[in-house]
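Note sheet for the following structure.
Residue numbers (this note's numbering): 11 to 160.
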């Protein structure tokens with residue numbers, strides 16, 4: 011029984027500390043909000059509130075959370091542009107055909123290894139056209155693979 015009493019007191023004091031603490035600028039995650047709801051439920055401090063009412067009152071508004079997320083995404087592209095590579099980057103150089111040494115591989119694996127060899131050779135000559143191996147929108151691998159398939 012004393013253990014249960016200690017647990018209830020700890021839960022109530024934690025809940026009180028959360029209630030008195032200043033609210034963060036962003037809304038709580040659903041997992042954090044759920045844990046907070048369960049603690050309040052165990053401590054009988056919900057006062058008849060259901061989950062949706064509790065979530066809106068204690069965890070932040072969904073619209074505000076979406077607005078915060080949208081503003082964070084809008085701010086991200088405004089960051090400083092990536093620094094230019096040392097020296098002027100040359101246009102990307104791609105292999106004209108699959109390397110003969112990979113003829114015993116499957117077609118996909120042969121293209122992969124051929125493109126990887128050319129990419130690594132281009133790195134020393136700064137001839138990758140500022141492309142990374144894989145990047146959103148099509149990196150070196152994607153373009154090289156497409157050229158070898160055609």
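Cβ coordinates follow ideal geometry from the N, Cα and C atoms, glycine included.
Judged by DSSP secondary structure, residue 155 falls within the alpha helix (DSSP H) whose first and last residues are 150-159. Apart from sequence neighbours up to five positions away, the residues of its chain that approach residue 105 with a beta-carbon distance below 6 Å are 124, 128, ordered along the chain. In this structure, residue 138 places its C-beta atom within 7 Å of the C-beta atom of residue 150. DSSP places residue 69 outside any alpha helix (DSSP H), giving it a letter other than H or E. Residue 42 sits in a helix when the DSSP states are folded into three classes. Taking the C-beta atoms as reference points, residue 141 is found nearer than 7 Å to residue 102. By the C-beta density criterion, residue 70 is buried, having at least 16 other C-beta atoms within 10 angstroms. Taking all protein chains in view, the Cβ of residue 46 is crowded by 16 or more other Cβ atoms within 10 Å, so the residue is classified as buried. Around the Cβ of residue 19, a 10 Å sphere holds fewer than 16 other Cβ atoms; the residue is exposed.
Taking all protein chains in view, the Cβ of residue 131 is surrounded by fewer than 16 other Cβ atoms within 10 Å, so the residue is classified as exposed. For residue 54, no alpha helix (DSSP H) run applies, since DSSP gives it neither H nor E.
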